[in-house]
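Worksheet for the structure shown next.
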Amino acid sequence: MSEHEPLLPVWDSEHASERYKRIHARTAKFLDSQITHRTVITLVAIDTTFVVIDLGYTFLSANCTIPSHESPQWLEVFSYLSLAITGLFLIEIPLNVWAFGLQFINPFGPIPHAWLHAFDAAIIITTFVLEVVLRGKERELASLLVILRLWRLVKVVGGVAVGAGELEEENAKLLAETRAELETTRKDLKDAKDEINFLRNRIDEVTASAHEPDH
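Residues 1 to 215, numbered by full-length UniProt numbering, are exactly what the sequence shown covers, in order.
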């Protein structure tokens, strides 16, 4: 019994390693799936709508004041929903880095649009910090009000850029898959032509042999 005991930790370690690799692969596949890209684009569009409504209400209000306790309840709901969406994007950042590596946000790495991912991560982190830490305090300092307004505009621009980047990445992926399928089809067609030519030559040889006179 004691002779087999040392094998148990090794088996557990291998089992844990295989499970980790399996979870890692599934996470990467899920994050890179079309359904995830479309969900991100949808959330970006919804979040951008909330921010534009908030900014529009702010700039159209008397004295250009930001939403306060006297503001409509739905505006506060939009604010918290926007914060919740930002929180989801904040969770996505470490998941992407874990699934695809640090090159995912390395502008000088091999991944296309890595600079956009890095820019998006910076916007999300800064937005979350400003919205959570400075929530309520912007009414006390006019400078914070200006910062929040400007950063909300940056957030809108970043959201549009991310949405466009997601669409471009999805289109690029589909184009690469189409090219790969076309290349495979061309190869299969060439192989089929070579096989047809080979069979024709064999048929010609057999036919020629059949017509040769017997000696």
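Virtual Cβ for every residue (Gly too), placed ideally from N, Cα, C.
Counted as a single uninterrupted DSSP element, the alpha helix (DSSP H) harbouring P94 occupies residues 73–100.
The continuous stretches of alpha helix (DSSP H) do not include I105, and DSSP gives it neither H nor E. No residue range can be given for D32, since it is assigned to no alpha helix (DSSP H) and is classified by DSSP as neither H nor E. With a cut-off of 8 Å on Cβ pairs, the stretch 81–94 is in contact with the stretch 34–51, counting three or more such pairs. Inter-residue distance for A118 and F104 is about 8 Å (C-alpha atoms, whole angstroms). Of the other Cβ atoms in all chains shown, fewer than 16 fall within 10 Å of the Cβ of A176; this residue is therefore exposed. In the structure shown, H117 falls within a helical segment according to DSSP collapsed to helix, strand and coil. Contact between L81 and F50 holds, with the beta-carbon distance rounding to 6 Å and staying under 8 Å.
Taking C-alpha positions only, I123 is separated from D188 by approximately 48 Å. When secondary structure is reduced to three states using DSSP, I111 falls in the coil class, being assigned neither helix nor strand.
In this structure, H24 keeps its C-beta atom at 8 Å or more from the C-beta atom of A121. The alpha-carbon of L31 is positioned some 37 Å away from that of K190. Rounded to the nearest whole angstrom, the CA to CA distance from F128 to D54 is 16 Å. Ranking R22, L182, T27 by CA distance to the CA of E92 puts T27 first. Q34 has its alpha-carbon roughly 10 Å from the corresponding atom of K173.
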